[in-house]
Structures are given as C-alpha cells and as structure tokens.
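Residues 18 to 512 (our numbering) are what the sequence shown spells out, left to right. Using N, Cα and C, we set each Cβ at its ideal position, and we do this for glycine too. Have a look at the structure below before the remarks.
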Amino acid sequence: MLMSALLFLFGVFLLFFLFRVRRPKNFPPGPRALPLLGTLLEINPHNPLKSYKKLAERYGPVYSLYIGRRPAVVLAGQKVIREALVTRASHFAGRPDHMLISHIVECKGVSMADYGPAWQEHRRFALTTLRNFGMGKRSMEERILEETQHICAEVEKHSGKTMDPQHLFHYATCNIICSILFGCRFENDDTYFKNLIVMIEEFLKLIYSPWAMLYDVAPFTRNLPLPFNRTFDVVRRIKAHILKVIAQHKDSWVSGQPRDLIDCYLDELEMRDVLQRTDKGTTFEDSQLVSMLFDLLTAGTDTTSNTLRTTTLYLTTHPHIQERCYQEIEEVLGSREQVCFEDRQSMPYVQAVIHEAQRVADVTPIGLYHNTTTDTHIHGYNIPKGTMIIPLLSSALHEEGQWKSPHDFNPENFLNERGEFVKPDAFMPFSAGSRMCPAEGLARMELYLILVTLLRRFRLVWPEERGAPDYDMAFGITQAPKPFHVTVHLRGDRN
18 MLMSALLFLF
28 GVFLLFFLFR
38 VRRPKNFPPG
48 PRALPLLGTL
58 LEINPHNPLK
68 SYKKLAERYG
78 PVYSLYIGRR
88 PAVVLAGQKV
98 IREALVTRAS
108 HFAGRPDHML
118 ISHIVECKGV
128 SMADYGPAWQ
138 EHRRFALTTL
148 RNFGMGKRSM
158 EERILEETQH
168 ICAEVEKHSG
178 KTMDPQHLFH
188 YATCNIICSI
198 LFGCRFENDD
208 TYFKNLIVMI
218 EEFLKLIYSP
228 WAMLYDVAPF
238 TRNLPLPFNR
248 TFDVVRRIKA
258 HILKVIAQHK
268 DSWVSGQPRD
278 LIDCYLDELE
288 MRDVLQRTDK
298 GTTFEDSQLV
308 SMLFDLLTAG
318 TDTTSNTLRT
328 TTLYLTTHPH
338 IQERCYQEIE
348 EVLGSREQVC
358 FEDRQSMPYV
368 QAVIHEAQRV
378 ADVTPIGLYH
388 NTTTDTHIHG
398 YNIPKGTMII
408 PLLSSALHEE
418 GQWKSPHDFN
428 PENFLNERGE
438 FVKPDAFMPF
448 SAGSRMCPAE
458 GLARMELYLI
468 LVTLLRRFRL
478 VWPEERGAPD
488 YDMAFGITQA
498 PKPFHVTVHL
508 RGDRN
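Listed below in structure tokens is the structure:
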C-alpha cells in the first residue's frame with residue numbers, strides 16, 4: 018500500500034516536472050501557470066474581459082498568461098497597445114497558427130494569415146479594390162443609401178408599435194458587403210440569406226467560446242464530438258456558398274471588365290499567370306480568394322450591425338441626445354432629401370454620438386490575436402519570437418485619464434470646449450497599425466449614413482413596459498447587445 022502511494026506521488030511529481038511551464042528571462046509577470054492547463058483557471062470562460070481587466074490591475078499594463086504551455090502577453094491601455102501595434106508594427110504583426118480560428122481559416126486570407134508576402138499582397142489587393150469600388154466615393158454612398166431605404170421601409174411598418182431590431186442592420190450591412198464582393202444583393206425575406214446571417218453570427222460567437230478555449234489548450238480534442246466542431250461545419254457551409262458564387266463568376270467573367278471583387282481577383286490571376294511563366298511567382302490562387310471573401314463577408318456584416326444596434330439602444334434610452342442629433346441634422350440638411358457623407362463635417366455632435374456609440378459598443382474588445390515575428394521588447398520586458406499577443410482594445414476605450422466619462426455614454430468625450438469634434442488617441446475600435454481593419458472607411462460611412470437617415474425619419478423610444486435597459490454585452494469575437502425592443506414614431510413623410 019505504501020509502495021503504491023509512493024509510486025503515485027512519484028508519477029505526479031514526474032508529470033509536473035515534465036510539463037511544468039518555464040517562464041523566459043525578463044518575461045512579463047503573470048499568474049502561476051499549471052502544467053498542461055497553463056493559466057486557464059484564471060480566466061472566466063464566458064467573459065474573459067473581466068478577468069483580463071482584473072489581472073491588469075494586479076500585474077500592470079503588460080502581463081503574461083499561458084494557453085496550455087504556450088506563452089501569451091496581454092497589452093492593456095492605449096500607450097502599450099500603440100507602442101506594440103504602431104511603433105513596433107512589424108514585430109507584433111504576426112498571427113498565431115495554433116488556435117481554433119487559425120485552423121478554421123487555414124491561416125489564409127487577410128485576417129489570420131501570418132505576416133509575410135501572401136498576407137501583404139492580399140491586404141494591398143483588398144484595400145485597393147475596396148477603394149476602386151467606391152469606398153469613400155459617391156458610388157459607395159449610393160449603395161449604402163439604397164440599403165438604408167430598405168431599413169426605413171422595415172422600420173416604418175412598425176410605426177406606433179414596438180419592434181425587435183435584432184437583424185434589422187445585419188441585412189443591410191451584409192447586402193452592402195455582398196454587393197462589393199459578389200455584385201449582388203439578397204431580398205430580406207430570402208430564406209438562404211436569413212440562414213447566412215445566422216451562420217455568420219454563430220461562427221463569431223463560437224470562435225471565442227469556452228469550448229474554443231479548450232481547443233486552444235488541447236487541439237487534439239478536435240477528434241472528439243465536442244461543440245467546437247460545429248464551428249468547422251458552419252465555416253464549411255459559408256465557404257460552400259462562396260465557392261458556388263466564384264464558379265458562377267468564372268463562367269461569366271470578361272477580362273478587364275470587373276463587376277465586383279471576385280472579377281478583380283480573376284483579372285489579377287490572369288495577370289499573374291504570366292508572371293508565373295516568367296518565374297516571378299505569385300501568392301494568388303483560388304483558396305486564398307475563398308478565405309479573403311470569407312474574412313470580408315463575416316467582418317463586414319457583424320461588426321457594423323452590432324455597433325448600429327448598440328447605438329439604437331443608447332439613443333432610445335437617452336432621448337435628449339437623440340433629439341439634439343435630430344436638431345443638428347435638420348439644421349444642416351434643411352429641405353434636402355438625402356444626406357451625403359461630406360455632411361458629417363458640419364455635424365460635430367452627430368459625429369461625437371456615433372464615435373461614442375462605437376466606444377461603448379466595444380464591438381471587438383480584443384480584436385484578433387497577434388504573434389511576435391521576432392525577438393522584441395515592450396515596456397521593459399523581453400518578448401521572444403512566436404509569443405502570442407492579446408491587445409486589450411477594450412482597456413483603451415474605457416481607460417481612466419483618457420476620457421471625460423470613461424464609463425458612461427457621453428458624446429462630450431469627443432467634443433472640445435468649443436463644441437468641435439475631436440478624436441482621442443485611445444479611440445481604436447478598428448485596432449491599430451498594420452493589422453487595422455481594412456474596411457474601416459466603409460464602416461464609418463455606413464454608420465453615418467444609416468444613422469442620420471434613421472434619426473431624421475423616426476423617433477425611437479424605449480418601451481417602458483419592457484423594464485430597465487440592460488447595457489451588458491454578450492461576449493464574442495464581436496460583442497453584441499442583448500436582445501431588446503424599441504417603439505417607433507414616424508417624424509414625417511419625406512419620401
């Protein structure tokens with residue numbers, strides 16, 4: 018009996034010795050890591066944000082965690098985030114290749130591809146193509162305003178009644194990005210379209226779920242029938258739709274006459290076929306196209322729509338702010354039927370409200386994980402090559418000392434003493450540096466044009482019978498407000 022106990026203790030000691038975590042020299046401080054689990058027990062699996070913020074209070078703006086045996090460094094506060102992602106951009110621009118999201122997207126496209134020629138070429142292509150198809154130009158305004166009319170038509174159906182805006186904005190943002198990527202739009206009552214929206218939402222919830230955390234610690238569990246396998250199934254279904262659209266484009270594509278991003282990519286492939294024959298090589302190929310389309314479709318649908326929902330929530334519960342926006346809109350537009358993006362320069366208060374809504378929405382609180390591409394340092398600590406980096410964007414958006422009202426919804430956060438619109442350095446909802454969201458310009462235009470049009474036509478009221486509003490966000494790779502209802506009142510027929 019004694020011998021068995023001694024053998025058991027020896028086995029436990031041997032396992033602890035073999036799997037113990039060795040912290041590198043001058044590595045950021047952090048909680049003690051357990052063998053195999055790392056610091057998993059320190060993190061709330063349902064809302065890691067609270068855990069990250071508490072650990073920052075304990076260890077400072079730069080601290081370490083362990084995802085199993087793999088080290089990770091958390092950056093909290095705008096100063097260290099900018100130092101890493103902007104000042105030392107190339108050192109912190111990598112992506113980890115061992116996470117659930119990495120395996121799902123196969124480290125391709127523009128979101129999770131590692132820092133290198135393929136990512137650089139495809140990001141440059143995406144930015145150029147989005148710009149050529151009207152990002153920041155009148156043609157893009159027309160696309161957005163067309164979808165805005167569909168939103169207004171749906172809202173008007175509920176005049177004098179309450180409605181649930183759960184998917185109201187998803188339909189518009191998804192159709193806008195679909196028009197750019199695929200050259201088409203869906204009808205809002207299209208069954209497949211509704212399922213596509215639900216699949217995108219499901220994917221973005223699952224990717225940072227507690228089960229995803231288990232996968233990140235122990236990827237071998239993929240062979241078990243666990244819930245994260247649903248994520249692979251959802252992605253396969255979305256990509257199947259993308260492949261079908263690509264095949265249709267190849268049948269009707271005419272070189273040099275692009276209708277959308279897919280046609281532009283096919284033009285690029287044709288040009289690069291020549292380069293391959295001259296041994297110059299290319300990173301452009303069909304699987305990269307599928308991944309890039311997947312990235313832009315999912316990101317372009319969920320982030321902006323959740324920001325619009327959050328803005329609606331706060332405006333219905335802060336009617337004095339909503340009315341001040343309406344007055345400014347009326348003063349600037351007068352008898353003009355439609356708003357244009359340039360009008361924002363004359364609407365400092367509306368701009369402040371939109372930016373404040375982005376701040377409190379905190380839609381991508383930790384963005385996507387980064388990886389160091391070389392041995393580097395930050396805040397006096399050494400960070401080895403291959404270390405995963407978690408930029409806590411949420412900490413900058415609510416940082417004490419950076420905002421007049423860091424914990425309240427207050428448009429004054431973006432106004433100076435003269436009432437002029439200003440944007441503090443801590444405002445980084447689109448991340449920062451070389452990995453910054455490539456569709457930031459599109460998102461800003463959508464937020465402005467949709468909200469101004471809605472506020473001009475409707476007064477949105479919080480239904481008192483629904484009780485007190487709940488401002489807590491449901492955590493995910495993109496955060497979202499919990500379901501709520503609004504009462505709609507028509508301000509006047511502008512047709």
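Return the chain-ordered list of same chain residues with a C-beta closer than 7 Å to the C-beta of residue i, the five sequence neighbours on each side being excluded.
i       : result
Pro-275 : Cys-281, Asp-284
Leu-472 : Gln-339, Cys-342, Tyr-343, Ile-346
Pro-365 : Leu-432, Gly-436, Glu-437, Phe-438
Ser-196 : Arg-160, Arg-202
His-108 : Thr-389, Thr-390, Thr-391, Thr-393
Thr-104 : none
Leu-66  : Pro-382, Ser-411, Phe-492
Roughly how many angstroms separate the alpha carbons of residue i and residue j, rounded to a whole number?
i       : j       : result
Asn-192 : Arg-202 : 5 Å
Asp-131 : Asp-487 : 38 Å
Pro-227 : Gly-85  : 14 Å
Tyr-124 : Asp-114 : One detail in the question is off: residue 124 reads as Cys in this sequence, not Tyr. Rounded to whole angstroms, Cys-124 to Asp-114 spans 7 Å at the Cα level.
Glu-74  : Ser-412 : 11 Å
Leu-19  : Leu-58  : Caution applies to Leu-19, whose pLDDT of 47 falls short of 50 and renders its modelled position unreliable; the value that the coordinates give is listed next. Their backbone Cα atoms lie some 32 Å apart in a straight line.
Thr-190 : Leu-92  : 31 Å
Val-252 : His-387 : 22 Å
Leu-26  : Leu-51  : With a pLDDT of 46 at Leu-26, under the threshold of 50, the modelled position of this residue cannot be trusted; read the value that follows with caution. Looking at the two C-alpha atoms, the distance is approximately 17 Å.
Gly-133 : Phe-301 : 13 Å
Phe-34  : Arg-99  : Only weak support exists for where Phe-34 lies, its pLDDT of 43 falling under 50; the coordinates are left without a value.
Ala-110 : Thr-165 : 36 Å
Asn-323 : Thr-315 : 12 Å
Trp-420 : Glu-457 : 22 Å
Ile-118 : Thr-299 : 25 Å
Arg-483 : Phe-426 : 21 Å
Specify, as a first and last residue, the run of the alpha helix (DSSP H) that residue i falls within.
i       : result
Pro-441 : No alpha helix (DSSP H) holds Pro-441; DSSP gives it neither H nor E.
Thr-320 : 303-334
Phe-475 : Element bounds for Phe-475: not the alpha helix (DSSP H) but the beta strand (DSSP E), 475-478.
Ile-400 : Not the alpha helix (DSSP H): Ile-400 falls in the beta strand (DSSP E), residues 398-400.
Val-377 : 365-378
Val-271 : Unbroken run through Val-271: none, as it is neither H nor E.
When we look at the beta-carbon of residue i and count the other beta-carbons within 10 Å, is it buried (16 or more) or exposed?
i       : result
Phe-30  : In this predicted model, Phe-30 has a pLDDT of only 43, less than 50, meaning its place in the structure is not dependable; the value taken from the coordinates is given anyway. Exposed, since its Cβ has fewer than 16 Cβ neighbours within 10 Å.
Gln-265 : exposed
Asn-205 : buried
Glu-218 : buried
Glu-373 : buried
Glu-375 : Per the sequence shown, the amino acid found at residue 375 is Gln instead of Glu. By the 10 Å Cβ count, Gln-375 comes out buried.
Ser-448 : buried
Ala-135 : buried
Arg-353 : exposed
Asn-43  : exposed
Val-215 : exposed
His-187 : buried
Phe-237 : exposed
Val-505 : buried
Arg-326 : buried
Leu-243 : exposed
Gln-362 : exposed
Thr-208 : exposed
Arg-254 : exposed
State yes or no: is the C-beta of residue i within less than 9 Å of the C-beta of residue j?
i       : j       : result
Leu-459 : Ile-194 : yes
Ile-168 : Ile-467 : yes
Ile-224 : Ile-494 : yes
Pro-498 : Leu-332 : no
Pro-45  : Tyr-69  : no
Thr-320 : Thr-381 : yes
Val-262 : Phe-210 : no
Val-367 : Tyr-465 : yes
Gly-47  : Leu-72  : yes
Pro-480 : Thr-179 : yes
Pro-428 : Ala-369 : yes
Ile-406 : Val-122 : no
Excluding the 5 residues preceding and the 5 following residue i in the sequence, name in chain order all residues of the same chain whose CB lies nearer than 6 Å to its CB.
i       : result
Lys-402 : Thr-389, Thr-391, Asp-392
Met-309 : Gly-126, Val-127, His-139
Val-469 : Ile-346, Val-356
Asp-181 : His-502
Give me, in chain order, the residues of the same chain whose beta-carbon lies closer than 8 Å to that of residue i; leave out the 5 immediate sequence neighbours on both sides.
i       : result
Asp-15  : Only positions 18 to 512 of the chain appear in this structure, which leaves residue 15 out of reach.
Arg-49  : Thr-56
Pro-441 : Gln-419, Trp-420, Asn-430, Phe-431
Can you tell me where the beta strand (DSSP E) holding residue i begins and where it ends?
i       : result
Leu-82  : 79-84
Ile-407 : 405-409
Ala-89  : 87-93
Ile-395 : 393-395
His-187 : Premise fails: His-187 lies in the alpha helix (DSSP H), 185-198, not in any beta strand (DSSP E).
Could you check if residue i belongs to the surroundings of the ligand SAM, using beta carbon to heavy atom distance under 8 Å?
i       : result
Glu-159 : No copy of the ligand SAM appears in this structure; indeed no ligand is present at all.
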